[in-house]
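Undergrad: First the structure, then my questions, so here it is.
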Amino acid sequence: MRKSGILLPVSSIPSKYGIGTFSKQAYDFIDSLEKAGQSYWQILPLGPTGYGDSPYQSFSTFAGNPYYIDLETLIEEGYLTKDDCEKCDFGDDDEYIDYEKIYLSRFKVLKIAFQNSNVVNEADFQNYVRDNRYWLDDYALYMAVKNSFDGKSWSEWDEDIKLRKPAAMEYYREKYAEEVMFYQFQQYLFAKQWSALKEYANQKRIQIIGDIPIYVAFDSADTWANPELFQLDDMLTPIAVAGCPPDAFSATGQLWGNPLYRWEYHKETGYAWWMKRIAYCYELYDVVRIDHFRGFDEYYSIPFADETAEFGHWEKGPGYDIFKAIKEKVGNKPVIAEDLGFLTESVIKLVKKTGYPGMKILQFAFDPREESDYLPPNFVANSIVFTGTHFNDSFLGWYNSLSRRDKAFARKYLNIRTNKDVQWEFIRAAMASVSETCVIPMQDYLGLGAEARINIPSTLGINWKWRMLSGQFTDELAQHILDMTKLYGRVGK
Numbered sequence: 056m057r058k059s060g061i062l063l064p065v066s067s068i069p070s071k072y073g074i075g076t077f078s079k080q081a082y083d084f085i086d087s088l089e090k091a092g093q094s095y096w097q098i099l100p101l102g103p104t105g106y107g108d109s110p111y112q113s114f115s116t117f118a119g120n121p122y123y124i125d126l127e128t129l130i131e132e133g134y135l136t137k138d139d140c141e142k143c144d145f146g147d148d149d150e151y152i153d154y155e156k157i158y159l160s161r162f163k164v165l166k167i168a169f170q171n172s173n174v175v176n177e178a179d180f181q182n183y184v185r186d187n188r189y190w191l192d193d194y195a196l197y198m199a200v201k202n203s204f205d206g207k208s209w210s211e212w213d214e215d216i217k218l219r220k221p222a223a224m225e226y227y228r229e230k231y232a233e234e235v236m237f238y239q240f241q242q243y244l245f246a247k248q249w250s251a252l253k254e255y256a257n258q259k260r261i262q263i264i265g266d267i268p269i270y271v272a273f274d275s276a277d278t279w280a281n282p283e284l285f286q287l288d289d290m291l292t293p294i295a296v297a298g299c300p301p302d303a304f305s306a307t308g309q310l311w312g313n314p315l316y317r318w319e320y321h322k323e324t325g326y327a328w329w330m331k332r333i334a335y336c337y338e339l340y341d342v343v344r345i346d347h348f349r350g351f352d353e354y355y356s357i358p359f360a361d362e363t364a365e366f367g368h369w370e371k372g373p374g375y376d377i378f379k380a381i382k383e384k385v386g387n388k389p390v391i392a393e394d395l396g397f398l399t400e401s402v403i404k405l406v407k408k409t410g411y412p413g414m415k416i417l418q419f420a421f422d423p424r425e426e427s428d429y430l431p432p433n434f435v436a437n438s439i440v441f442t443g444t445h446f447n448d449s450f451l452g453w454y455n456s457l458s459r460r461d462k463a464f465a466r467k468y469l470n471i472r473t474n475k476d477v478q479w480e481f482i483r484a485a486m487a488s489v490s491e492t493c494v495i496p497m498q499d500y501l502g503l504g505a506e507a508r509i510n511i512p513s514t515l516g517i518n519w520k521w522r523m524l525s526g527q528f529t530d531e532l533a534q535h536i537l538d539m540t541k542l543y544g545r546v547g548k
């Protein structure tokens, strides 16, 4: 069935107090999706972010970002007063997130909510902690200990707790018991609010497309608590790390720095950790987009001491074996394979064998020098078409930066005659394509330029900041989207 959706990170919702949250405005966005005839809301990973504020470098693959807890809901529930929130500085720019101010203010307010609560005696809280113990105990302790070491990575902690020696674990659990419960409280609020928002979306027949990074951060509860899963030496230092080789976009490649998996060990355990991870994703989302799908076929291994990605090499990944296990143990759930970049014959075969739809990005299509797999006539029905993703510029930002030759080709191909509302012809090409699903970033529907770009890969300090302004997603815009969605047979049933 042909369907469509909109990509908008939770952080970009125009909520109060500096960043998008599970707020009334998030419910309003879902209402607008319904008015526009959409079937999907695609978001970015929901985990707590660390250095660089990237949702792809999270302190936990299971935990939720406490920034997304809606403070207005906590006021209504009696955990906070409006004055508690107004005393804090969350930034004064409605269009861009000030992460430093959010970091310095959000936890202060949440600590007040924790102190005002009687959560230790609440049955729902106790049940939540019990049901999520398999990841929550390690995460909450990790965050409490991390704070006690002034935010340093676990690799720089004292050796006894770095190596999780039993006496040290018991000592820190007792010493920071209240802080541990504070982090459990945050996750309880996150889960409670997200569950309600997701249920509301599902009632409106809108499904959530979530995003799971293939790798976890080195500085994370996952790596600290499960070092046997990763390529680490006896002192838990990475032997090799993840990244991408040099290409036309980067002469030295991309050095991501994530620890690599010990795939042979995962196979011996029946991919037990992955089964828990994937199963948990389907508690949070309806559809899961698996980032860097190529890494399951082959992964790029870079020596840990290297400062660039130039001298890495390819290693064999688990291949179809892990997806066979997922289908057997978790079920044949809906997955989107992020199969972008240079694809070898073996990874193309892997995507085909899984049956998962791959991704088609229109911004990659318009090079008149060669035939492109990203031009609509070359699509297959089992695919997801995007004008661009969170790693691309907005359509207008991209279009305005094209060379004269490439822009002339795009204008001719898309039958663009004037510069007025030029993005709609680009969206039309995606909507009209044979791809069963079409997802458009909100910035493209709003006709915004490079100022609304979410992320520029391999840069720090300028990403993940853009926010939609209140009132931008108008009923008139929703109607325009609905008209096009109907025209190309994508209205959700």
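Residue 56 is where the sequence shown starts when you use our numbering, and the numbers rise one by one after that.
A virtual CB, placed ideally from N, CA and C, is assigned to each residue, including glycine.
Since this is a predicted model, take the numbers as computed values, not measurements.
Can the beta-carbon of Gln242 be found less than 7 Å from the beta-carbon of Ala118?
TA: yes
Undergrad: Since Asp274 contacts Trp209 with CB under 8 Å, what's their CB separation in whole angstroms?
TA: 7 Å
Undergrad: Expressed to the nearest angstrom, what Euclidean distance is found between the alpha-carbon atoms of Ser343 and Ile264?
TA: Sequence check: residue 343 is Val here, not Ser. The straight-line gap from Cα to Cα measures roughly 6 Å.
Undergrad: Quick one: what's got a C-beta closer than 7 Å to Trp279's C-beta in the same chain, skipping five residues either side?
TA: Tyr197, Trp209
Undergrad: Buried or exposed, going by whether 16 or more other CB atoms sit within 10 Å of the CB of Ala392?
TA: Per the 10 Å Cβ criterion, buried.
Undergrad: For Asp266, write down the residues that DSSP places opposite it in a beta bridge.
TA: Arg344
Undergrad: With DSSP collapsed to three states, give me the class of Cys140.
TA: helix
Undergrad: Please work out which residues of its chain come closer than 6 Å, Cβ to Cβ, to Ala420, disregarding the five sequence neighbours upstream and downstream, and give them in chain order.
TA: Ser427, Tyr429, Leu430
Undergrad: Using DSSP's beta-bridge definition, name the partner residues of Gly60.
TA: In the DSSP output, where bridge partners are listed per residue, Gly60 has Tyr95, Val494.
Undergrad: Measure the alpha-carbon distance for Lys247 versus Lys58 and round it to whole angstroms.
TA: 29 Å
Undergrad: Tell me where the beta strand (DSSP E) around Gln309 begins and ends.
TA: 309-314
Undergrad: Answer with buried or exposed for Pro512, where buried requires no fewer than 16 other C-beta atoms within 10 angstroms of its C-beta.
TA: So Pro512 counts as exposed.
Undergrad: Could you compute how far the alpha carbon of Asn387 sits from the alpha carbon of Ile536?
TA: 32 Å
Undergrad: Where do the N-terminal and C-terminal ends of the beta strand (DSSP E) with Gly298 fall, by residue?
TA: 295-299
Undergrad: What are the boundary residues of the beta strand (DSSP E) that Met414 is part of?
TA: 413-416
Undergrad: How long is the line joining the alpha carbons of Tyr151 and Glu383, rounded to whole angstroms?
TA: Cα to Cα, Tyr151 sits roughly 43 Å from Glu383.
Undergrad: Find the nearest neighbour of Leu515 within the set Tyr111, Tyr82, Asp193, judged by alpha-carbon distance.
TA: Cα-wise, what sits closest to Leu515 is Tyr111.
Undergrad: Could you pull out every residue in the same chain whose Cβ sits closer than 7 Å to the Cβ of Leu524, ignoring the five residues on either side in sequence?
TA: Pro69, Asp149, Glu150
Undergrad: Span of the alpha helix (DSSP H) holding Val440?
TA: Per DSSP, Val440 belongs to no alpha helix (DSSP H); it is in the beta strand (DSSP E), 438-441.
Undergrad: Given a cut-off of 7 Å, decide if Leu191 and Ala168 are closer than it, judged by their beta-carbon atoms.
TA: no
Undergrad: Do Ala533 and Ser87 come within 7 Å of each other at the CB atom, strictly closer than that value?
TA: yes
Undergrad: For Gly133, verify whether its CB is less than 6 Å away from any heavy atom of the ligand FAD.
TA: With respect to small molecules bound, the structure shown includes none, and the ligand FAD cannot be examined in it.
Undergrad: Please list, in chain order, all residues of the same chain as Ile74 whose beta carbon is under 7 Å from its beta carbon, the five residues on each side excluded.
TA: Ser66, Tyr122, Ile152, Ile157
Undergrad: According to DSSP, is Leu503 helix, strand or coil?
TA: coil
Undergrad: Within its chain, find whatever has a CB closer than 6 Å to the CB of Val235; leave out the 5 residues flanking it on each side and keep chain order.
TA: Ala195, Leu196, Ala199
Undergrad: Compare the Cα-Cα distances from Leu339 to each of Glu319, Leu99, Val477 and report the closest residue.
TA: Leu339 has its Cα closest to that of Leu99, out of Glu319, Leu99, Val477.
Undergrad: Using 8 Å as the threshold, is the segment 410-420 in touch with the segment 437-448, meaning 3 or more CB pairs across them?
TA: yes
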